[in-house]
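2 protein chains.
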Amino acid sequence: MNFKAITITDIAKALNISASTVSKALSDSYEISAKTKQIVLTYAREHNYRPNPNAISLKFGSSLSIGIVIPSIQNQFFAQIIDGIESVAHDEGFTVIIAQTHESYDMEVKSIQQLTHRAIDGLLISQSSETFDVSHLENLRSKGLPMVFFDRVSDQIDTHKVVTDNFQGALNATQHLFDNNYSRIAHITGPEGLSITTDRLNGYRQAHAQNKTQVTADYIKHCSYTNNNVAEIERAVHELLQLPDRPDAIFATSDTITSTVLLLLNKLGIKIPGQMAVIGFTNSSFAAVLAPPLTSVFQPGFLMGQKAARLLLSLVKSKKAVTEFETVVLPMQLIVRESSSVSIQV
Amino acid sequence: MNFKAITITDIAKALNISASTVSKALSDSYEISAKTKQIVLTYAREHNYRPNPNAISLKFGSSLSIGIVIPSIQNQFFAQIIDGIESVAHDEGFTVIIAQTHESYDMEVKSIQQLTHRAIDGLLISQSSETFDVSHLENLRSKGLPMVFFDRVSDQIDTHKVVTDNFQGALNATQHLFDNNYSRIAHITGPEGLSITTDRLNGYRQAHAQNKTQVTADYIKHCSYTNNNVAEIERAVHELLQLPDRPDAIFATSDTITSTVLLLLNKLGIKIPGQMAVIGFTNSSFAAVLAPPLTSVFQPGFLMGQKAARLLLSLVKSKKAVTEFETVVLPMQLIVRESSSVSIQV
DNA sequence: TTGAAAGCGATACCAC
DNA sequence: GTGGTATCGCTTTCAA
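Residue numbers (UniProt numbering), protein chains in the order written: chain A, 1 to 346; chain B, 1 to 346.
In structure tokens:
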């Protein structure tokens, strides 16, 4: 089976004129008579002509498309970012091509090769948690590929970046727990090495400093963000629960970590927030109807996507090389619900 | 700024040989000497050569890529389907291009035009809820574009289809409510016209027939699946609650509808399942930790994506026109939790 | 064993 | 006003 769309040559043959005339007529060139334009445009519309983007890309080395590299589409936060990117890109006539890394460095390298050879005009990327060596990206950037980082950024590459205020978000969440009389606060977060992990950990630490409380190393657990991380999370929770000085609150990141933590606590019959307060990072609409309603840090995904796309398109359209880059920091929102209500234990 | 990847001509020039020799060497042609191959391959690897897909697509009218058209990436069910599709497509060397319709007919038409002119080899589609006229699809199919429908299918187009057993899923969910002593069962579902809406409604009706219970028209509410449907859902719930013969159970579809229903019931202080049982259609990992844990119909998204992709690739690879099509029906799973526990009211 | 040339679709420079 | 031709990167005859 083979499918072929209508081309300029098809139109030219059908109307018994040359391909160049058709091309010019379609682009409304002043060289072409009104009558010819009329005929060509009518025929083109009737036969649903659309230029072949592959030919255009080949011809101009530009494709009016941008690549997006994210860890996983299943994460609602990233899905919202994509929607934000698309809303801007489509307005400017750009198509978007999405590639997932599933938290694998190899997949990231492969996806990016795929995308760049598709002649994308720019790249939006949130790194995989396995990515430490960024030479594959630095390589492209130095060759002039416009690139913008979002959410998970690298400090080794100088370009525009858009992040949420992970430090402040974690600080606020942790401080909120202190304010509500919790003092033994555990933090279950993503793998070390990620910018978001570091920033959140720093916020968590800062809150402890503010409250003149020592950070307990055993209270900090790193889990991977891959699909099969449930066992890891379960182990982390069990270890926390078995500590002699058991935490009275858990501050968790990501949807999977948060929902798994809640499931375990419920299963063990641990009352939330009575015996254990919980705060999560989540954009899920279900947060408000969890048992109990979950205090959560909400990240403006759609907005982040829009900002990142605008910055990328400004790079793509810039005639001269850009050397001054900015890092946009978007505020997070702490939405307080019952899961972190004032502790009555102390 | 302009970014260019290395081409066959670049390699040819650098090595002082012809482009055709390079091309053949890269494809390991028997015409080329081992030594030349060695030199070319080494150089190509070192300089990270990858063929330009636009050139390939233009040359062969095939792109080793397939298009996916879905309503929204934010729906976790569709995100899972995409992962399923990718897992199959990547294994076979195909790239995937995703387009969202956001439930708009115009966006659907536009996206599909975009995709087909990118020389995709096949199309996987789940229709928008606004799509009644399918001539844009029939057009492509008749011209030979391999096409597979999934989830939301059209009965006006003859091709492979993959669906979940919406009839059985709705039947089981409704029957489960009857079994647990509920008899005034409301159904809040998607817009009329969608295959999934009809099938679920039929399952709901069948359950009523089995239990010799009349279906009450006022108990059936249709809401759109767009992003801004909260007001609609709120109105539907309020109307249900104000009925003289108020329902004692709600069977809802989709994540937004389900979470909004739960939020409203909680806000109004209506006990679940004491005063109102709830069953939802959701794949969210949060279902188990909702207040109360939600009985839900789980749809095998990943599997659906895999099946659909395999069927599409079989069409793409088939040398002769395929005229016998199949409709794969995947079973759903009713996961029983507290939100539909046995009623003690009756 | 290697290379020159045609062609995929669209555009732009030049002729006419 | 219109049409021929080169070009983008790649593959595939065909010729050397």
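Glycine included, C-beta positions come from ideal geometry on N, C-alpha and C.
Remember, it's a predicted structure, so these values are computed and weren't measured experimentally.
Could you confirm whether any beta carbon from chain B is found closer than 8 Å to the beta carbon of residue i?
i, result
"Lys4 (chain A)", "yes"
"His117 (chain A)", "yes"
"Glu92 (chain A)", "no"
"Ser284 (chain A)", "yes"
"Ser27 (chain A)", "no"
"Val329 (chain A)", "no"
"Asn202 (chain A)", "no"
"Asn172 (chain A)", "no"
"Gln299 (chain A)", "no"
Please confirm whether any heavy atom of the ligand COA lies closer than 7 Å to the CB of residue i.
i, result
"Ala5 (chain A)", "Ligands in the displayed structure: none, and consequently the ligand COA is not present."
Could you give the residue range of the alpha helix (DSSP H) that holds residue i?
i, result
"Gly61 (chain A)", "Here Gly61 (chain A) belongs to no alpha helix (DSSP H), and DSSP marks it neither H nor E."
"Ala79 (chain A)", "Gln76 to Asp91"
"Gly269 (chain B)", "From DSSP, Gly269 (chain B) is part of no alpha helix (DSSP H); its letter is neither H nor E."
"His238 (chain B)", "Val230 to Gln242"
"Gln168 (chain A)", "Asn166 to Asp179"
The beta strand (DSSP E) with residue i in it runs from where to where?
i, result
"Thr327 (chain B)", "Thr327 to Leu330"
"His117 (chain B)", "Note, His117 (chain B): premise wrong, no beta strand (DSSP E); alpha helix (DSSP H) at Tyr105 to His117."
"Leu334 (chain B)", "Gln333 to Ile335"
"Ser284 (chain B)", "First-last for Ser284 (chain B): undefined, no H or E at that position."
"Gly144 (chain B)", "Premise fails: Gly144 (chain B) is in no beta strand (DSSP E) and is neither H nor E."
"Ala99 (chain B)", "Thr95 to Gln100"
"Thr295 (chain A)", "Thr295 to Phe298"
I'd like to know whether the C-beta atoms of residue i and residue j end up nearer to each other than 8 Å.
i, j, result
"Val148 (chain A)", "Leu311 (chain A)", "yes"
"Val322 (chain A)", "Val162 (chain A)", "no"
"Leu115 (chain A)", "Ala99 (chain A)", "yes"
"Met332 (chain B)", "Gln299 (chain B)", "yes"
"Ser82 (chain B)", "Ile97 (chain B)", "At residue 82 (chain B) the sequence reads Ile, which differs from the Ser that was named. No. Outside cutoff."
"Gly122 (chain A)", "Asn166 (chain A)", "no"
"residue 362 (chain A)", "Ala173 (chain A)", "Any property of residue 362 (chain A) remains undetermined from this structure, which presents chain A solely from 1 to 346."
"Gly93 (chain B)", "Leu64 (chain B)", "yes"
"Ser224 (chain B)", "Glu103 (chain B)", "yes"
"Ala170 (chain B)", "Ala309 (chain B)", "no"
"Ser318 (chain B)", "Val278 (chain B)", "no"
"Ala25 (chain A)", "Thr36 (chain A)", "yes"
"Glu239 (chain B)", "Thr260 (chain B)", "no"
Taking 8 Å as the CB-CB cut-off, is residue i touching chain A?
i, result
"Gly61 (chain B)", "yes"
"Val289 (chain B)", "yes"
"Gln306 (chain B)", "no"
"Ile73 (chain B)", "yes"
"Thr216 (chain B)", "no"
"Asp255 (chain B)", "yes"
"Pro273 (chain B)", "no"
"Met1 (chain B)", "For Met1 (chain B), the predicted structure reports a pLDDT of 40, less than 50, and the residue's modelled location is therefore unreliable. A value from the coordinates is still provided. Chain A contact via Cβ: present."
"Val346 (chain B)", "At Val346 (chain B), the pLDDT of 43 sits below 50, so the modelled position is not reliable; the number obtained from the coordinates is stated separately. Cβ-Cβ to chain A under 8 Å: no for Val346 (chain B)."
"Ile50 (chain B)", "Looking at the sequence provided, one finds Arg at residue 50 (chain B) rather than Ile. Cβ-Cβ to chain A under 8 Å: yes for Arg50 (chain B)."
"Leu58 (chain B)", "yes"
"residue 347 (chain B)", "In the structure displayed, chain B extends from 1 to 346; residue 347 (chain B) sits before or after that span and is not available."
"Thr95 (chain B)", "yes"
"Asp133 (chain B)", "no"
"Ser259 (chain B)", "yes"
"Ile250 (chain B)", "no"
Please state the DSSP three-state secondary structure of residue i.
i, result
"Val134 (chain A)", "coil"
"Ile11 (chain B)", "helix"
"Ile39 (chain A)", "helix"
"Val342 (chain B)", "coil"
"Ile196 (chain A)", "helix"
"Thr256 (chain A)", "helix"
"Lys317 (chain A)", "helix"
"Val322 (chain B)", "coil"
"Ser23 (chain A)", "helix"
"residue 381 (chain A)", "What is shown of chain A runs 1 to 346, which leaves residue 381 (chain A) out entirely."
"Tyr30 (chain A)", "coil"
"Gly190 (chain A)", "coil"
"Leu123 (chain B)", "strand"
"Gln210 (chain B)", "helix"
"Lys307 (chain A)", "helix"
"Val215 (chain A)", "coil"
| field | contact_flag[the stretch 249–259 of chain A, the stretch 173–189 of chain A] where n(CB pairs < 8 Å) is 3 or more | value | yes
| Within the chosen definition, does the stretch 100–119 of chain B reach the stretch 266–274 of chain B through at least 3 CB pairs nearer than 8 Å? | The answer is no - the stretch 266–274 of chain B does not touch the stretch 100–119 of chain B, with fewer than three Cβ pairs under 8 Å.
| query | Between the stretch 70–88 of chain B and the stretch 76–90 of chain A, do three or more beta carbon pairs fall short of 8 Å? | reply | yes
| field | Cβ contact (3+ pairs, closer than 8 Å) linking the stretch 175–185 of chain B and the stretch 235–248 of chain B | value | yes
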